[in-house]
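For reference, the structure is listed below as structure tokens.
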Amino acid sequence: MTDTTQADDRSPFQMPLAEAPNAEPIRMRTLVLLRWFAIGGQMAAVIVAWFMGVGFVKAPVIALIATSIIMNCWLFFRPAKRTSPRHAVLQLSFDLVQISALMWLTGGMANPFALLVLAPVTIAAASLNGRQVMALGLATVALISFAAVFGLSLREPDGDILQMEPILQVGHWVALVIGVVFFAGYAHRVTAELSDTANALFATQMALSREQRLQHLGGVVAAAAHEMGTPLATIKLIAGELADELQDDPDLHADALALRESADRCARILRSMGQAGKDDLHMRAAPLRAVLEDAASPHADRGPVIEILAEGPVIRRDPAIIHALRNLIQNAVDFAESRVVIETQVTANALTVTVRDDGPGYPPHLLSRIGDPYLSRRSEVQRGSYEGMGLGLFIAKTLLERSGARLTFANGGPGAIVSVRWPLDRIRSEDRAPLSENPHIATS
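With our numbering as the guide, the letters of the sequence shown map in order to residues 3 to 446.
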């Protein structure tokens with residue numbers, strides 16, 4: 003059983019993510035600052051080598067460093083703009099070529115600072131997409147190879163050529179190539195996982211915000227129902243009087259009766275909405291079974307039978323908890339053959355809610371990763387899947403852990419099992435105070 007999400011249920015989360023503006027891959031200010039650090043290091047290395055008497059072609063080296071300084075000054079004084087991926091690739095390519103050219107002019111593999119050539123591709127891996135990172139990585143390997151084969155030798159103060167043993171040069175080249183692959187792959191993987199987690203947390207916040215907005219909307223409906231009761235009663239009274247006075251005119255009499263019946267209907271609708279609004283906004287505690295029934299109700303008619311075996315204390319009626327339990331129940335219903343069972347266990351110190359189904363269970367290779375964001379893909383599930391973001395279990399896990407719960411996922415015989423365990427003092431509530439007054443709505 004793998005987390006998937008029904009299109010209708012998940013659309014509220016998809017929309018905010020789809021509409022969220024794309025962030026800059028990396029700020030130009032960051033690229034400029036990193037380049038200043040590189041320029042400082044390069045100048046320091048040149049000055050130290052000069053005082054040590056190491057022989058190298060000084061004019062081209064200084065010209066390359068000056069080129070970087072000019073580039074940074076131009077970027078600093080031009081109008082600030084958002085950095086596009088293409089612009090970031092161009093800037094990192096410039097740094098790569100500059101560092102590789104310095105390595106070529108200062109000994110190739112014999113240069114102890116050759117490892118700095120890994121910096122541009124590592125930065126790219128942390129901020130750009132896979133194709134751009136691959137292109138920069140291949141360019142880095144090509145430039146390293148060119149510098150290794152054609153690098154200009156350094157000279158000792160007495161004029162002798164500084165040389166490395168061929169086997170050491172090959173080893174240094176292999177180490178740099180491995181470094182390109184390792185640092186680029188590692189940085190890109192970590193950044194992608196952090197991005198997925200950030201997007202998933204954003205979706206979680208949207209889910210909770212949606213639940214809270216619905217509850218506040220319920221309070222507004224309750225207040226509106228209360229305030230509109232008086233004008234509707236007046237309309238009904240006047241319509242009744244008009245109906246009595248217009249009995250001689252059948253058409254107008256029928257219109258007056260229709261008006262009175264419409265006022266009655268509006269009053270009935272507002273009474274039911276007002277009661278629901280009061281329940282949603284003001285009921286901060288409810289029996290455990292009522293909370294579970296609330297969480298399961300959207301999925302009661304989807305096919306599998308949902309059986310609730312729950313007896314327990316009055317608990318917090320928190321929209322985050324209800325939404326999270328609803329996601330767990332939805333996931334169970336999605337993959338159940340015919341039955342979903344919700345059980346509870348209460349001890350002196352803890353409350354445990356267990357949701358089990360009679361479906362195929364969690365795929366064994368994903369069991370240790372259940373609850374990670376964007377875990378499921380359509381190709382990874384055998385049945386019961388449909389288009390979704392793979393966020394249901396992540397959202398449920400995040401919201402429940404924030405409430406103090408701990409989740410465990412397992413396979414039973416048959417089907418999947420998820421257990422949610424709270425310390426009793428974190429979930430129990432005795433708040434059964436009377437409803438307070440609804441907020442006033444101006445009727446002028």
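The beta carbon of each residue, even a glycine, is placed where N, CA and C say it ideally should be.
In the DSSP assignment, the alpha helix (DSSP H) including LEU330 goes from what residue to what residue?
Position 328 of the sequence shown, counting from 1, holds the residue named residue 330. 321-337 is the extent of the alpha helix (DSSP H) around LEU330.
Do VAL123 and ILE101 have their beta-carbon atoms positioned less than 7 Å apart in this structure?
Numbered from its first residue, the sequence shown carries residue 101 at position 99. Numbered from its first residue, the sequence shown carries residue 123 at position 121. Contact: no.
Within 10 Å of its beta-carbon, does ASP359 have 16 or more other beta-carbons around it, so buried, or fewer, so exposed?
As a first step, residue 359 must be located in the sequence shown, where it is residue number 357. Classification of ASP359: buried, given that the 10 Å Cβ count is 16 or more.
Leaving out five residues before and five after VAL56 in sequence, what residues of the same chain have Cβ atoms less than 8 Å from its Cβ?
Numbered from its first residue, the sequence shown carries residue 56 at position 54. The residues are LEU156, ARG157, GLU158, PRO159 and LEU164.
Answer yes or no: do TRP106 and GLY153 have a C-beta to C-beta separation smaller than 7 Å?
Position 104 of the sequence shown, counting from 1, holds the residue named residue 106. Position 151 of the sequence shown, counting from 1, holds the residue named residue 153. For TRP106 and GLY153, yes; Cβs fall inside 7 Å.
Between the stretch 303-310 and the stretch 408-415, are three or more C-beta pairs nearer than 8 Å?
no
Between which residues of its own chain and ARG385 is the CB-CB distance below 6 Å, once the five residues before and five after are set aside?
As a working mapping, residue 385 is identified with position 383 in the sequence shown. Note that ARG385 scores 37 on pLDDT, short of 50, meaning its location in the model is unreliable; the coordinates nonetheless yield the value given after this. Closer than 6 Å at the Cβ level, and outside the excluded window around ARG385, lies no residue.
Roughly how many angstroms lie between the CA atoms of VAL135 and ALA127, to the nearest whole one?
On the sequence shown, residue 135 is found 133 positions in, with the first residue counted as 1. On the sequence shown, residue 127 is found 125 positions in, with the first residue counted as 1. Near 5 Å, if we compare the C-alpha coordinates of ALA127 and VAL135.
So what's ASP303 in DSSP terms, helix, strand or just coil?
Here residue 303 is taken as the residue at index 301 of the sequence shown, counted from 1. Three-state result, ASP303: coil.
Could you name the residues of the same chain whose beta carbon sits closer than 8 Å to that of MET45, not counting the 5 residues immediately before and after it, in chain order?
Here the question's residue 45 lines up with position 43 in the sequence shown. Once the five neighbours on either side are set aside, the close Cβ partners of MET45 are ILE67.
Could you please give the first and the last residue of the uninterrupted beta strand (DSSP E) stretch that includes THR354?
Locating residue 354 in the sequence shown gives position 352, counting from the first residue. Here the beta strand (DSSP E) through THR354 covers 352-359.
Let me check understanding here. Comparing Cα to Cα, which of ILE372, ASN351 and PRO416 lies closest to PRO425?
Locating residue 425 in the sequence shown gives position 423, counting from the first residue. The option with the nearest alpha carbon to PRO425 is ASN351.
Given this structure, state the Cα-to-Cα distance separating PHE78 from ILE71, to the nearest angstrom.
Against the sequence shown, residue 78 aligns to sequence position 76. Against the sequence shown, residue 71 aligns to sequence position 69. Each residue's Cα considered, the two are about 10 Å apart.
Taking the alpha helix (DSSP H) that VAL422 falls in, what are its first and last residues?
Taking the sequence shown and counting its residues from 1, the one referred to as residue 422 is at position 420. Element bounds for VAL422: not the alpha helix (DSSP H) but the beta strand (DSSP E), 418-425.
So THR356 and ALA312 are supposed to be a Cβ contact under 8 Å. How far apart are they, rounded?
Numbered from 1 along the sequence shown, position 354 holds the residue referred to as residue 356. Numbered from 1 along the sequence shown, position 310 holds the residue referred to as residue 312. That pair is no contact at about 10 Å.
Can you give me the C-alpha to C-alpha distance between ARG262 and ALA241, rounded to a whole angstrom?
Here residue 262 corresponds to residue number 260 of the sequence shown, with the count starting at 1. Here residue 241 corresponds to residue number 239 of the sequence shown, with the count starting at 1. Rounded to whole angstroms, ARG262 to ALA241 spans 5 Å at the Cα level.
Could you check where the alpha helix (DSSP H) with LEU33 kicks off and where it finishes?
Counted from its first residue, the sequence shown places residue 33 at position 31. Counting along the chain, the alpha helix (DSSP H) containing LEU33 begins and ends at 30-54.
Under the assumption that ALA298 contacts SER431 (Cβ atoms under 8 Å), give the Cβ distance between them as a whole number of angstroms.
What you label residue 298 is simply residue 296 of the sequence shown in a count that begins at 1. What you label residue 431 is simply residue 429 of the sequence shown in a count that begins at 1. About 20 Å; that fails the 8 Å criterion.
I'd like to check one pair, ARG37 with ASN74: are the Cβ atoms closer than 7 Å?
The residue you call residue 74 lines up with position 72 of the sequence shown. The residue you call residue 37 lines up with position 35 of the sequence shown. Contact flag set, yes.
Could you give the residue range of the alpha helix (DSSP H) that holds GLN347?
For the purposes of this step, residue 347 is taken as the residue at position 345 of the sequence shown. Per DSSP, GLN347 belongs to no alpha helix (DSSP H); it is in the beta strand (DSSP E), 341-348.
Excluding five sequence neighbours on each side, which residues of the same chain lie with their C-beta closer than 7 Å to the C-beta of LEU104?
Start at 1 with the first residue of the sequence shown, and residue 104 comes out as number 102. Around LEU104: GLN44, VAL63 and LEU66.
Beta carbon of LEU402, beta carbon of VAL420: below 7 Å?
As a position in the sequence shown, residue 402 is number 400, starting the count at 1. As a position in the sequence shown, residue 420 is number 418, starting the count at 1. Cβ distance not < 7 Å, so LEU402 and VAL420 don't count as in contact.
Alpha carbon to alpha carbon, how far is ALA525 from PHE396?
Outside the shown range of the chain (3 to 446) lies residue 525, about which nothing can therefore be said.
Does DSSP put LEU117 in a helix, in a strand, or in coil?
As a position in the sequence shown, residue 117 is number 115, starting the count at 1. Looking at LEU117 - three-state DSSP - the assignment turns out to be helix.
From VAL335 to VAL342, what does the alpha carbon distance come to, in whole angstroms?
Residue numbering aside, residue 335 sits at position 333 when the sequence shown is read from its first letter. Residue numbering aside, residue 342 sits at position 340 when the sequence shown is read from its first letter. About 7 Å.
Does DSSP put ASP281 in a helix, in a strand, or in coil?
As a position in the sequence shown, residue 281 is number 279, starting the count at 1. Confidence at ASP281 is low in this model, with a pLDDT of 48, below 50, so its placement is unreliable and no value can be given for it.
Starting from the C-beta of LEU35, find all residues in its chain whose C-beta is less than 6 Å away, skip the five residues before and the five after it, and write them out in chain order.
Here residue 35 is taken as the residue at index 33 of the sequence shown, counted from 1. If we look at LEU35 and ignore the five residues flanking it on each side, it has no Cβ neighbours.
Closer than 6 Å to a non-hydrogen atom of the ligand NAP - does that hold for the CB of LEU259?
Of the ligands one can find in the structure shown there are none, so the ligand NAP has no counterpart to examine.
From GLY417 to LEU294, what distance separates their C-alpha atoms?
Within the sequence shown, residue 417 is the residue found at index 415, counting from 1. Within the sequence shown, residue 294 is the residue found at index 292, counting from 1. Using only the alpha carbons, I get a separation of about 20 Å.
State yes or no: is the beta carbon of ALA47 nearer than 7 Å to at least one beta carbon in chain C?
Looking for chain C here will not work: only one protein chain is present.
I'd like to confirm the pairing. Which residues does DSSP put opposite LEU104 in its beta bridges?
Here residue 104 refers to the residue found at position 102 of the sequence shown. Answer is none; LEU104 lacks a bridge partner.
Using 10 angstroms around the beta-carbon of SER129, count the other beta-carbons present and answer buried if the total reaches 16, otherwise exposed.
Here residue 129 refers to the residue found at position 127 of the sequence shown. Classification of SER129: buried, given that the 10 Å Cβ count is 16 or more.
For SER264 and ASP250, I'd like the C-alpha separation in whole angstroms.
If you number the sequence shown from 1, residue 264 lands on position 262. If you number the sequence shown from 1, residue 250 lands on position 248. When rounded, the distance between both Cα atoms is 22 Å.
Does the beta-carbon of ALA61 have 16 or more other beta-carbons within 10 angstroms, so that it is buried, or is it exposed?
Position 59 of the sequence shown, counted from the start, is the residue given in the question as residue 61. Per the 10 Å Cβ criterion, exposed.
Buried or exposed for TRP52, please, with buried defined as at least 16 other CB atoms from any protein chain shown within 10 angstroms of its CB.
Residue mapping note: residue 52 aligns to position 50 of the sequence shown, counting from 1. Exposed: under 16 other Cβ atoms inside 10 Å.
Taking all protein chains shown into account, decide if HIS367 is buried (16 or more other Cβ within 10 angstroms of its Cβ) or exposed.
For the purposes of this step, residue 367 is taken as the residue at position 365 of the sequence shown. Exposed, because fewer than 16 other Cβ atoms sit within 10 Å of the Cβ of HIS367.
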